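Below you'll find the structure, written out as structure tokens, and then a few comments.
There are 2 protein chains.
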Amino acid sequence: MTSEAALLHATDSRLPLYARLRDVLTRRVAAGEWAPDRAIPAESTLADSYGVSLGTVRKALEQLVDEGLLERRQGSGTFVRRARFDQSLFRFFRLSGGGAIPASRILRREVVDAWRLPATPLGVMAGGKAIRMQRLRLWGDEPFLAEDILLPFERFAGLMDLTTDELGPLLYPVYEAVCGQIIARAEEELTVAVADEAAARLLRCPVGSPVVRIERLALAHDGTALEWRRSSGLASQFRYKVDIK
Amino acid sequence: MTSEAALLHATDSRLPLYARLRDVLTRRVAAGEWAPDRAIPAESTLADSYGVSLGTVRKALEQLVDEGLLERRQGSGTFVRRARFDQSLFRFFRLSGGGAIPASRILRREVVDAWRLPATPLGVMAGGKAIRMQRLRLWGDEPFLAEDILLPFERFAGLMDLTTDELGPLLYPVYEAVCGQIIARAEEELTVAVADEAAARLLRCPVGSPVVRIERLALAHDGTALEWRRSSGLASQFRYKVDIK
DNA sequence: TAGTGGTCTAGACCACGAG
DNA sequence: TCGTGGTCTAGACCACTAG
Chain S
1 MTSEAALLHA TDSRLPLYAR LRDVLTRRVA AGEWAPDRAI PAESTLADSY
51 GVSLGTVRKA LEQLVDEGLL ERRQGSGTFV RRARFDQSLF RFFRLSGGGA
101 IPASRILRRE VVDAWRLPAT PLGVMAGGKA IRMQRLRLWG DEPFLAEDIL
151 LPFERFAGLM DLTTDELGPL LYPVYEAVCG QIIARAEEEL TVAVADEAAA
201 RLLRCPVGSP VVRIERLALA HDGTALEWRR SSGLASQFRY KVDIK
Chain A
1 MTSEAALLHA TDSRLPLYAR LRDVLTRRVA AGEWAPDRAI PAESTLADSY
51 GVSLGTVRKA LEQLVDEGLL ERRQGSGTFV RRARFDQSLF RFFRLSGGGA
101 IPASRILRRE VVDAWRLPAT PLGVMAGGKA IRMQRLRLWG DEPFLAEDIL
151 LPFERFAGLM DLTTDELGPL LYPVYEAVCG QIIARAEEEL TVAVADEAAA
201 RLLRCPVGSP VVRIERLALA HDGTALEWRR SSGLASQFRY KVDIK
């Protein structure tokens, strides 16, 4: 019995074997043992090293794929999935002509004392200082989303050394490349508000126009809160489709 | 080889066996062969009658469970799932104190010529005549959602014989009991608008207040459009949470 | 060509639910 | 107690990807 196998059988034995294996693998991914886009060991290898059958391994992997943690590629292997929020805005806004990424304009970037901020998730600002960025997103030349972003300074200090050009339209790849921080998932909450003066100026709409507000808490694999943002978008451009069953 | 087995192997052989079985079972459910909440044949029975292994049956059923078509109950069997949209509103509106069902007040119920209606899904009104209901939904004594509902008269004529009391707060069970029409799934689209005079009166809010508009097309198992509705809810009560990965 | 995941099988034993 | 789905195993062959 390998050491992995011993670890597996030491876990809560009330759970089925595949569930224990799933938990063990989750922890290994969370610990960063395999980088995103890198293949994890083959199913047969896992089966051997944990001392379980191939079917059990497959059932564990299947769940992790469903959860979005892993990704299978036939012929090449099973990979740690890189979360992609690129299309996230397309889910909520009718942006004609899909695929492309809305342009970004960073309006402000500063280090602030966390305690001065209005109520936001405490975890993000554990270090006492936070980075605050204000960003405007445009579709063509039309602004449609104003964003207020908060990051714990401790983990993201490297961002302050970049020019705003280097930040680019997608932040999460920068978080990973520059700060080594990987966003694994996020929780979003949508509400509807009306534009105050600041939002109206940014979005070029009348004060009092309806805006959709998206609050997002972005988390690492281990559940650490890494980023909090509040986005306000033109409600006229909002559209969301769901299938219910 | 049973006749079922012959049917299965007659289907598109480029697909894996479990996928063909899944399609065959989907058709049997759509045809109404098994009523909702009734057990379908046991896995071992299916395996025998289709001449495939248990594992193949399980993989087909697993997909159908994921799709929401079937439901497993350990020890008792696998069942055709009855769609439950009861909690649907709770996904979108902050209604304090969960579980309970918002009260309904039917404001109008009439038979109209479909061609007189503004643009709506044509399928619903194939028969030329439609039933139109206007309904107000309340939480406690507070109205929060105004609904405009269209049904093809041909299939739902029986509804006109009921008193509005008999319609009750949940329509889909009535559709099933009185008209034999089963809603299997629905497509919803959310947008944000502002209250016109009629909506403002119903929702007791100022004209021009933001409202969330939910357009729903409800479908039978076979994809027939059975109901179309447009609901307008107070945006101040709107809240929607998503997890993204 | 070698190695990966994908499909399919056969069979054992367990946990649960209902009568 | 009996029949159901739930877990787990062992092994065969196929389809795909990459070097």
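Those sequence lines, one after another, are chains S and A. Note that UniProt numbering has the first sequence beginning at 1, numbered continuously upward. Note that UniProt numbering has the second sequence beginning at 1, numbered continuously upward. Glycine included, every Cβ here is placed at the ideal spot set by N, Cα and C. As the structure is a computational prediction, the values presented were derived from the model and not from experiment.
Proximal residues of chain A, C-beta to C-beta of residue i below 9 Å
{"i": "residue 246 of chain S", "result": "For chain S, the structure presents residues 1 to 245; residue 246 of chain S sits outside this window and is missing."}
{"i": "P102 of chain S", "result": "Per Cβ cutoff of 9 Å: no residues; P102 of chain S is ~17 Å from chain A at best."}
{"i": "P210 of chain S", "result": "V192, A193, V194, S209, P210, V211, A235"}
Contact list for residue i against chain S, beta-carbon separation under 9 Å
{"i": "Y240 of chain A", "result": "E188, E189, L190, T191, Y240"}
{"i": "R185 of chain A", "result": "D243, I244, K245"}
Cβ pair residue i, residue j closer than 8 Å
{"i": "L69 of chain A", "j": "V57 of chain A", "result": "no"}
{"i": "Q63 of chain A", "j": "R22 of chain A", "result": "yes"}
{"i": "A177 of chain S", "j": "H221 of chain S", "result": "no"}
{"i": "L203 of chain S", "j": "L234 of chain S", "result": "yes"}
{"i": "K245 of chain S", "j": "A83 of chain A", "result": "yes"}
{"i": "F85 of chain A", "j": "Y175 of chain A", "result": "no"}
{"i": "V192 of chain A", "j": "V212 of chain S", "result": "yes"}
{"i": "L162 of chain A", "j": "S231 of chain A", "result": "no"}
{"i": "Q181 of chain S", "j": "L138 of chain S", "result": "no"}
Alpha-carbon to alpha-carbon, residue j and residue i
{"i": "E147 of chain S", "j": "R105 of chain S", "result": "10 Å"}
{"i": "S53 of chain A", "j": "A39 of chain A", "result": "20 Å"}
{"i": "M160 of chain S", "j": "R109 of chain S", "result": "8 Å"}
{"i": "I36 of chain A", "j": "P143 of chain S", "result": "A small fix is needed here, since residue 36 of chain A is Pro in this sequence, not Ile. For P36 of chain A and P143 of chain S, the distance between alpha carbons rounds to 49 Å."}
{"i": "R229 of chain A", "j": "I149 of chain A", "result": "4 Å"}
{"i": "Y50 of chain S", "j": "V65 of chain A", "result": "29 Å"}
{"i": "T224 of chain A", "j": "W115 of chain A", "result": "19 Å"}
{"i": "W34 of chain S", "j": "A198 of chain A", "result": "58 Å"}
{"i": "L107 of chain A", "j": "L136 of chain A", "result": "7 Å"}
{"i": "P206 of chain A", "j": "I101 of chain A", "result": "26 Å"}
{"i": "E71 of chain S", "j": "A42 of chain A", "result": "32 Å"}
{"i": "V194 of chain A", "j": "G208 of chain A", "result": "5 Å"}
{"i": "P210 of chain S", "j": "A19 of chain S", "result": "46 Å"}
{"i": "G75 of chain A", "j": "A200 of chain A", "result": "52 Å"}
{"i": "Q87 of chain A", "j": "C179 of chain A", "result": "23 Å"}
{"i": "A60 of chain S", "j": "D141 of chain A", "result": "49 Å"}
{"i": "M133 of chain A", "j": "L89 of chain S", "result": "35 Å"}
{"i": "S13 of chain S", "j": "D165 of chain A", "result": "54 Å"}
{"i": "D196 of chain S", "j": "L117 of chain S", "result": "18 Å"}
{"i": "E67 of chain A", "j": "A5 of chain S", "result": "34 Å"}
{"i": "D48 of chain S", "j": "L7 of chain A", "result": "40 Å"}
{"i": "D113 of chain A", "j": "A103 of chain S", "result": "48 Å"}
{"i": "S3 of chain S", "j": "V80 of chain S", "result": "23 Å"}
{"i": "G77 of chain S", "j": "D243 of chain A", "result": "27 Å"}
{"i": "A10 of chain A", "j": "L17 of chain A", "result": "11 Å"}
{"i": "G158 of chain A", "j": "L167 of chain A", "result": "11 Å"}
{"i": "A111 of chain S", "j": "T26 of chain S", "result": "The residue asked about is misnamed: residue 111 of chain S is Val in this sequence, not Ala. Computed Cα separation, rounded: 34 Å."}
{"i": "S44 of chain S", "j": "R73 of chain S", "result": "15 Å"}
{"i": "G55 of chain A", "j": "G55 of chain S", "result": "11 Å"}
{"i": "L15 of chain S", "j": "L15 of chain A", "result": "35 Å"}
Beta-carbon neighbours of residue i, restricted to chain A and to distances below 7 Å
{"i": "R27 of chain S", "result": "Simply none; closest approach about 17 Å."}
Interface residues of chain S facing residue i [CB-CB closer than 7 Å]
{"i": "R22 of chain A", "result": "The premise fails here: R22 of chain A is roughly 16 Å from chain S at the closest Cβ pair, so nothing lies under 7 Å."}
{"i": "S88 of chain A", "result": "I244"}
Under 8 Å from the C-beta of residue i: neighbouring residues of chain S
{"i": "G68 of chain A", "result": "K245"}
Review point. In chain order, which alpha helix (DSSP H) runs of at least 4 residues are fully inside the UniProt domain "HTH gntR-type" (15-83) of chain S?
Key: 17-30, 43-50, 54-66
Point to revise | Any 3 or more C-beta pairs closer than 8 Å across the region 87-101 of chain A and the region 234-241 of chain A | key: yes
Review point. Are the region 201-218 of chain S and the region 178-189 of chain S touching by the rule of at least three beta carbon pairs closer than 8 Å?
Key: yes
Review point. At a cut of 8 Å, does the region 129-142 of chain A reach the region 152-169 of chain A through at least three beta carbon pairs?
Key: yes
Check your understanding: What runs of the beta strand (DSSP E), each 3 residues or longer, lie entirely inside the region 114-182 of chain A?
Key -> 129-139, 142-152
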